[in-house]
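Below: the structure, in structure tokens.
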Amino acid sequence: MSKRDYYEILGVSKDASADEIKKAFRKLAVKYHPDKEGGDEAKFKEINEAYEVLKDQAKRQRYDQFGHAGVGGNTGGGAGGNPFEGFQGFNGQNVNFDFGDLGDIFGSFFGGGQQQQRQSRRGQDVAVNMTLSFDEAIFGAEKEISVNLDDTCSHCKGNGAEPGYELKTCPTCKGSGQVNRVMNTMFGQIQQATVCQTCEGRGKVPEKVCSVCHGKGVERKHQAVKLKVPAGIDDGATVRLNGRGEAIRGGEEKGDLYVNIRVKAHKKFTREGDLILSDENVDMITAALGGEIEIDTVDGELTMKIPAGTQSGTDFKLSSHGVPHLRGDGRGAHIVTVHVDTPTKLTKRQKELLAEFSKPESRKKKLW
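The sequence shown begins at 21 in the numbering used here and counts up by one.
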């Protein structure tokens with residue numbers, strides 16, 4: 021009996037991205053797991069087999085070229101493969117399954133595992149908003165952010181112990197920083213090492229806690245953080261300041277500070293990427309005969325030539341007067357859209373001249 025196409029099994033196209041394949045696998049794996057009500061063991065194994073091939077770029081290339089023969093028709097964990105091969109679920113059946121690819125699902129069962137331990141070693145990230153004027157976003161600026169953050173305690177230097185007292189071995193984990201616990205899951209009982217809550221994974225606790233931070237190792241402080249805003253930054257951009265977030269006990273790695281940029285609207289200019297757009301009005305005579313007008317730009321006032329016969333709605337391009345390129349040299353353009361004003365109050369003589377000009381035989385005559 022021939023096997024079904026792996027792409028068909030996962031319900032994805034042959035040009036699907038790695039993320040699309042992973043997303044499809046996760047959805048189907050949860051739906052058909054045999055230990056779940058309504059599950060299907062055969063489908064589950066078929067789904068897992070398809071994913072084991074398509075998630076691996078080399079295997080996927082061989083499969084695309086040679087079909088099932090290119091991958092040997094057997095994608096189980098095997099020796100040196102899936103470390104959970106042969107794991108027994110509640111129904112006693114052997115299950116080959118890739119736990120790493122469902123980390124976000126199982127994390128809710130197991131409390132985060134290694135990811136939780138890694139996060140506990142690092143301070144929290146912090147996000148703040150900063151509002152810039154239109155010109156500050158165009159040309160850049162030196163700004164200062166006022167923020168309240170958990171910073172290393174100045175009294176205990178971050179170790180959580182009152183000065184003069186030592187750190188002792190944690191009585192809960194005996195200095196390992198971890199405790200073992202048994203979890204009952206849909207796959208049976210699993211023993212997992214988790215971060216010790218008493219010492220937060222450090223293996224030591226203070227003999228006497230700090231009188232200022234009460235053993236936390238951090239204290240709330242007001243900080244003024246300087247930020248150099250790059251020229252050309254746009255509304256909605258985010259600037260990341262590494263290591264300027266919150267601290268944790270022990271003086272370990274601080275989190276990051278994320279600055280979300282908001283740019284105020286300008287009364288005259290609008291922005292589209294690296295372009296600056298504006299509108300200018302010209303009188304009918306200048307539009308017809310040509311001339312010069314004064315226009316506003318982010319660089320100041322400039323004189324712009326208006327060719328004879330300019331029509332309302334005509335765009336003029338001022339090169340290198342737009343937004344500086346955020347990545348690279350040079351600047352975009354300033355696009356000026358001209359609108360021709362039609363006069364509403366005319367003298368008798370002006371009306372006569374326009375009436376004369378409107379006659380076909382008079383349009384060839386020079387009226388001015």
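Beta carbons are placed, not taken as given, at the ideal position from N, Cα and C, and that holds for glycine.
Taking all protein chains shown into account, do 16 or more other C-beta atoms lie within 10 angstroms of the C-beta of residue i, making it buried, or fewer, making it exposed?
i      : result
His53  : buried
Leu152 : buried
Lys325 : exposed
Ala99  : Caution applies to Ala99, whose pLDDT of 35 falls short of 50 and renders its modelled position unreliable; the value that the coordinates give is listed next. It is exposed - the Cβ of Ala99 has fewer than 16 other Cβ atoms within 10 Å.
Leu346 : exposed
Phe64  : buried
Lys274 : buried
Glu239 : buried
Gly252 : buried
Leu169 : buried
Gly154 : Here residue 154 is Phe; the residue named in the question, Gly, does not match the sequence. Classification for Phe154: buried.
Ala267 : buried
Ala375 : exposed
Ala307 : buried
Thr95  : With a pLDDT of only 44 at Thr95, under 50, the local geometry of the prediction cannot be trusted, and the value read off the model is given with reservation. Classification of Thr95: buried, given that the 10 Å Cβ count is 16 or more.
Give the single residue among the options whose Cα lies nearest to the Cα of residue i.
i      : options                       : result
Gly342 : Cys216, Ile158, Pro327        : Ile158
Asn149 : Arg282, Leu295, Glu164        : Arg282
Val259 : Arg222, Asp299, Gly31, Val146 : Val146
Gly350 : Ser340, Asp60, Val232         : Ser340
Asp84  : Lys34, Lys63, Lys274          : Lys34
Gln167 : Ala62, Arg264, Thr362         : In the sequence as displayed, the identity of residue 167 is Val instead of Gln. Answer by Cα proximity: Arg264.
Cys233 : Ala308, Glu182, Cys190        : Glu182
Lys194 : Cys216, Gly348, Gly184        : Cys216
Glu300 : Gly352, Val360, Leu366        : Val360
Thr330 : Ala353, Val302, Gly352        : Val302
Leu48  : Glu164, Ile67, Gly235, Gly184 : Ile67
Glu156 : Ala307, Lys284, Leu169        : Lys284
Lys23  : Glu57, His354, Ala89          : Ala89
Leu30  : Gly58, Tyr71, Lys287          : Tyr71
Cys230 : Pro191, Glu186, Gly59, Asn204 : Glu186
Phe336 : Val245, Gln370, Leu295        : Leu295
Residues in its own chain within less than 6 Å of residue i by CB, not counting five upstream and five downstream?
i      : result
Pro103 : Unreliable placement is indicated for Pro103, whose pLDDT of 36 sits below 50; the coordinate value is still reported in the next sentence. Once the five neighbours on either side are set aside, Pro103 has no close Cβ partner at all.
Trp290 : Here residue 290 turns out to be Thr, not Trp, going by the sequence shown. Excluding residues within five positions, the ones whose Cβ falls inside 6 Å are Leu297.
Leu74  : Tyr26, Ile41, Arg80
Tyr213 : It is Ala, not Tyr, that sits at residue 213 in the sequence shown. Taken in chain order, the residues that qualify are Gln198, Asn200.
Pro344 : Ala251, Gly252, Arg351
Lys241 : Asp171
Lys163 : Leu247, Val249
Pro327 : Gly310
Asn204 : none
Ala161 : Val249
Measure the alpha-carbon distance for residue i versus residue j and round it to whole angstroms.
i      : j      : result
Leu247 : Ala38  : 37 Å
Asp171 : Thr218 : 21 Å
Glu69  : Phe86  : 17 Å
Lys51  : Gln209 : 21 Å
Asp76  : Ser174 : 50 Å
Gly178 : Asn280 : 29 Å
Gln198 : Arg222 : 9 Å
Ala44  : Ala36  : 10 Å
Asp254 : Gly293 : 8 Å
Thr362 : Ala257 : 42 Å
Lys368 : Ile305 : 17 Å
Gln144 : Gln243 : 16 Å
His286 : Gly59  : 59 Å
Ala78  : Val91  : 10 Å
Gly184 : Cys176 : 9 Å
Ile355 : Thr364 : 28 Å
Gly348 : Glu61  : 55 Å
Arg46  : Tyr278 : 31 Å
Glu272 : Ile165 : 23 Å
Lys371 : Ser378 : 10 Å
Val245 : Arg142 : 20 Å
Arg82  : Thr192 : 51 Å
Leu366 : Ser332 : 20 Å
Can you list, in chain order, the residues of its chain with a C-beta nearer than 7 Å to that of residue i? Leave out the 5 residues immediately preceding and following it.
i      : result
Lys188 : Lys224, Val225, Glu227
Asn262 : Asp276
Gln211 : Asn200, Val202
Thr334 : Val358
Gly270 : Gly178, Asn179, Arg222, Gly237
Asp319 : His341
Glu314 : Glu321, Thr323
Cys190 : Cys216, Thr218, Cys219, Gly223, Lys224, Val225
Lys288 : Ser298, Asp316
Could you tell me whether any non-hydrogen atom of the ligand HEM is closer than 7 Å to the CB of residue i?
i      : result
Asp170 : The ligand HEM is not part of this structure, which contains no ligands at all.
Identify every run of the beta strand (DSSP E) within the stretch 163-220, keeping only runs that are complete inside it and at least 3 residues long; order them along the chain. 187-189, 198-205, 208-215
I'd like the ranges of any alpha helix (DSSP H) spanning at least 4 consecutive residues and lying wholly in the stretch 333-362. none
Which runs of the alpha helix (DSSP H) at least 4 residues long sit entirely within the stretch 48-83? Give them in chain order. 61-74
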